[in-house]
Amino acid sequence: QQQVKQSPQSLIVQKGGISIINCAYENTAFDYFPWYQQFPGKGPALLIAIRPDVSEKKEGRFTISFNKSAKQFSLHIMDSQPGDSATYFCAASIQQDDKIIFGKGTRLHILP
Amino acid sequence: DAGITQSPRHKVTETGTPVTLRCHQTENHRYMYWYRQDPGHGLRLIHYSYGVKDTDKGEVSDGYSVSRSKTEDFLLTLESATSSQTSVYFCAISGDGNYGYTFGSGTRLTVV
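From first to last, the protein sequence lines are chains X and Z.
Position 95 of the first sequence, counting from 1, maps to 95 under our numbering, and the rest follow consecutively.
The number in our numbering is simply the position in the second sequence, starting from 1, with 1000 added.
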């Protein structure tokens, strides 16, 4: 049973545009929502994360928006650059658990 | 990636042969994980460890076994490799099991 649903599978955005990736979860016990970025030939790396007690977290051009009532969260990349082209994974975890659940990933391509 | 290395980076093996992948960490982290990454499936957890000699199954553990005899090493064994196990395998480490996973660079395994 997939507990974190991610969309879209792939996304093409013009340079300078806004990239938006969405995720939805089912388990209301989740209390930590990270995003990972993966470049070709590399392992995923933690990009940004949020807890459900805040509705938004921003780090540079990357913003997580969190909607607890809808059980949804999204990643916004402002002023998207070709160097942002990568695969992005959303994820969720429960503090007392010892593993995180990943979405299936979104392959983002930024056109130069 | 700093603090975590996977070996080998690439391997081609024949169907029916046993294969062992190694993950080595220098961070003294308690948790270690093995994932496989396949197109359309994202990252799927195979097995994980929460301490020396303490391991548990993930969602796709059939055909795989693991061992952790030292904090720093986590071995993944394909007991009798099949073509369906052709994949990219990632190891990850974590200090607390939830936050800030660090992934290795991956092992690309081809079973012919």
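Glycine is no exception: its CB is placed at the ideal position from the N, C-alpha and C atoms.
Taking just the CA atoms, how far does G16 (chain X) sit from D1062 (chain Z)?
In the second sequence, residue 1062 (chain Z) corresponds to position 62, counting from 1. In the first sequence, residue 16 (chain X) corresponds to position 16, counting from 1. C-alpha separation (whole angstroms): 45 angstroms.
Please report the Cβ distance between R1009 (chain Z) and T1107 (chain Z), rounded to the nearest whole angstrom; I am assuming they are in contact, meaning their Cβ atoms lie under 8 angstroms.
Locating residue 1009 (chain Z) in the second sequence gives position 9, counting from the first residue. Locating residue 1107 (chain Z) in the second sequence gives position 107, counting from the first residue. About 6 angstroms separates the two Cβ atoms, so the contact holds.
If we count Cβ pairs, one from each stretch, closer than 8 angstroms, do we get three or more for the stretch 59–76 of chain X versus the stretch 21–38 of chain X?
yes
Identify every run of the beta strand (DSSP E) within the stretch 8–63 of chain X, keeping only runs that are complete inside it and at least 3 residues long; order them along the chain.
10–14, 19–25, 33–38, 45–50 and 56–59
Determine the chain Z residues that contact K57 (chain X) at a beta-carbon separation under 7 angstroms, and present them in chain order.
Indexing the first sequence from 1 puts residue 57 (chain X) at position 57. The premise fails here: K57 (chain X) is roughly 14 angstroms from chain Z at the closest Cβ pair, so nothing lies under 7 angstroms.
Close Cβ partners of R61 (chain X) (< 7 angstroms) along its chain, the five nearest in sequence each way excluded
Within the first sequence, the letter at position 61 stands for residue 61 (chain X). Closer than 7 angstroms at Cβ, skipping near neighbours: I77, M78 and D79.
Would you grab the beta carbon distance between G1097 (chain Z) and D98 (chain X) for me? Rounded to a whole angstrom, and I think it's under 8 angstroms.
As a first step, residue 1097 (chain Z) is located in the second sequence; it is residue number 97 there, counting from the start. As a first step, residue 98 (chain X) is located in the first sequence; it is residue number 98 there, counting from the start. With a Cβ gap of about 3 angstroms, G1097 (chain Z) and D98 (chain X) count as contacting.
With 8 angstroms as the threshold, decide whether the Cβ of Q95 (chain X) is near any Cβ in chain Z.
What you label residue 95 (chain X) is simply residue 95 of the first sequence in a count that begins at 1. Closer than 8 angstroms: yes.
So for S1061 (chain Z), helix, strand or coil by DSSP?
Within the second sequence, numbered from 1, the residue matching residue 1061 (chain Z) stands at position 61. S1061 (chain Z) falls in the coil class under three-state DSSP.
Starting from T1026 (chain Z), trace the beta strand (DSSP E) in both directions and tell me its first and last residue.
Numbered from its first residue, the second sequence carries residue 1026 (chain Z) at position 26. T1026 (chain Z) -> no beta strand (DSSP E), and no H or E assigned at all.
Classification of K104 (chain X) by the beta-carbon crowding that lies within 10 angstroms, buried from 16 upward:
Residue 104 (chain X) sits at position 104 when you count from the first residue of the first sequence. With 16 or more Cβ atoms within 10 Å of its Cβ, K104 (chain X) is classed as buried.
Spatial neighbours of V1088 (chain Z) within its chain, please: C-beta separation below 6 angstroms, excluding the five flanking residues on both sides.
In the second sequence, counting from the first residue as 1, residue 1088 (chain Z) sits at position 88. Cβ neighbours of V1088 (chain Z) beyond the five flanking positions: Q1037, G1106 and R1108.
Tell me which same chain residues have a C-beta within less than 8 angstroms of the C-beta of N67 (chain X), skipping the five on either side of it?
The residue you call residue 67 (chain X) lines up with position 67 of the first sequence. Cβ neighbours of N67 (chain X) beyond the five flanking positions: S55 and F73.
If we ignore side chains and look at the alpha-carbon of each, how far apart do A91 (chain X) and V1012 (chain Z) end up?
Position 91 of the first sequence, counted from the first residue, corresponds to residue 91 (chain X). Position 12 of the second sequence, counted from the first residue, corresponds to residue 1012 (chain Z). Each residue's Cα considered, the two are about 31 angstroms apart.
Measure the C-alpha to C-alpha separation of F1090 (chain Z) and P112 (chain X) and round it to an integer number of angstroms.
Residue mapping note: residue 1090 (chain Z) aligns to position 90 of the second sequence, counting from 1. Residue mapping note: residue 112 (chain X) aligns to position 112 of the first sequence, counting from 1. Their Cα atoms are separated by approximately 30 angstroms.
Using a C-beta to C-beta distance shorter than 9 angstroms, which residues of chain Z count as neighbours of K104 (chain X)?
In the first sequence, counting from the first residue as 1, residue 104 (chain X) sits at position 104. In chain order: G1040, H1041, G1042 and L1043.
What in chain Z is Cβ-close to G43 (chain X), meaning under 7 angstroms?
Indexing the first sequence from 1 puts residue 43 (chain X) at position 43. Chain Z residues near G43 (chain X): D1001, F1090, F1103, G1104, S1105 and G1106.
How would you label I18 (chain X), buried or exposed, when you count the other beta carbons within 10 angstroms and need 16 or more for buried?
Counted from its first residue, the first sequence places residue 18 (chain X) at position 18. By the 10 Å Cβ count, I18 (chain X) comes out exposed.
Verify whether the separation of the beta carbon atoms of Y32 (chain X) and Q95 (chain X) is less than 8 angstroms.
Locating residue 32 (chain X) in the first sequence gives position 32, counting from the first residue. Locating residue 95 (chain X) in the first sequence gives position 95, counting from the first residue. Yes. Within cutoff.
Using alpha carbons as the reference points, say which of X:L108, X:I100, X:V13 and X:Q81 lies closest to Q3 (chain X).
Here residue 3 (chain X) refers to the residue found at position 3 of the first sequence. Comparing Cα-Cα distances from Q3 (chain X) to each of X:L108, X:I100, X:V13 and X:Q81, the minimum goes to X:I100.
Interface residues of chain Z around F89 (chain X) at Cβ under 9 angstroms?
Counted from its first residue, the first sequence places residue 89 (chain X) at position 89. Within 9 angstroms Cβ-Cβ: G1042 and L1043.
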